[in-house]
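Structure record follows, encoded as structure tokens.
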Amino acid sequence: MSEFVGSPGPVGRVVVVVGNPKVGSRTTVAGRTAATAIVPSAAVSTVEVAELAAGLFAWGDPTVAAAKATVLEADLLVVATPVYKASYTGLLKSFLDQFGRDELRALATVPLMVGAAPLHNLAVEEQLRPVLVEIGASCPTRGIYVLESAIEAGELETQLAEWARLWGPALLAVAGARATVGAG
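Residue numbering for the sequence shown follows our numbering, beginning at 1394 and increasing consecutively.
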């Protein structure tokens, strides 16, 4: 179990869901880096939705069910996707459609998007956050928008460390509160 400096409680299970059609993408790097910045010593699991593509439309697929169970067992969730046409990917939407309304039960969640230009930086708030809230995520912080150029220039760790310094305590307070009331 790990704690962020000043956090009220432990966070042991961090899961990153990656909605990029390419496994091991810059989106994966950004999501995992965010998770590590928020809870530096936590073990981070990654769900690459691209690996689930074959079963996403076969309701009850065991591989998709296992990925969903991984998400439901998390103490903290990072949902990362590239910006596609000013929104998140259809691949990610297909995975999120596996969850019922409020099924995440106040799971502390960070929406994260990777884009080529600042033009779509509000997509994380206007497109991704609402669907996460609909399925029960608690998104108490500003979402993260990462420019592809920041990843390529080696600026990702600095950007996410600054984000985590500012928003990490609030996010982990929500995670701790959820654990206290037994939602997890």
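Note that CB positions come from ideal geometry on N, CA and C, so glycine has one too.
Would the region 1492-1499 count as touching the region 1416-1431 if we require 3 or more Cβ pairs under 8 angstroms? no
Which listed residue (1540, 1409 and 1559) has its alpha carbon closest to that of residue 1473: 1409
Straight-line gap, residue 1491 to residue 1452 (C-alpha atoms, nearest Å): 8 angstroms
So residue 1503 and residue 1572 are supposed to be a Cβ contact under 8 angstroms. How far apart are they, rounded? The Cβ separation is near 17 angstroms, so there is no contact.
Neighbour-count burial assignment, residue 1515, 16 or more Cβ in a 10 Å radius: exposed
Look at the Cβ atom of residue 1445, then the Cβ atom of residue 1456, and state whether they are nearer than 7 angstroms. yes
Exposure of residue 1439, with buried meaning 16 or more beta-carbon neighbours within 10 Å: buried
Contacts around residue 1401, its chain only, beta-carbon distance under 6 angstroms, and the 5 residues preceding and following it disregarded: Its pLDDT being 41, under 50, residue 1401 is placed unreliably by the model, and nothing is read from it.
Just to check my reading of the structure: residue 1406 and residue 1467 have Cβ atoms closer than 8 angstroms, yes? What is that Cβ distance to the nearest angstrom? About 5 angstroms separates the two Cβ atoms, so the contact holds.
Within 7 angstroms, strictly: CB atoms of residue 1423 and residue 1524: no
What residues in its chain sit with their C-beta under 7 angstroms from that of residue 1580, if we drop five residues either side in the sequence? For the chain, the structure presents residues 1394 to 1577; residue 1580 sits outside this window and is missing.
C-alpha distance - residue 1477 paired with residue 1547, whole-angstrom precision: 23 angstroms
For residue 1488, the nearest candidate out of 1448, 1511 and 1480 (CA to CA): 1448
Please report the straight-line C-alpha distance between residue 1429 and residue 1450, rounded to a whole angstrom. 32 angstroms
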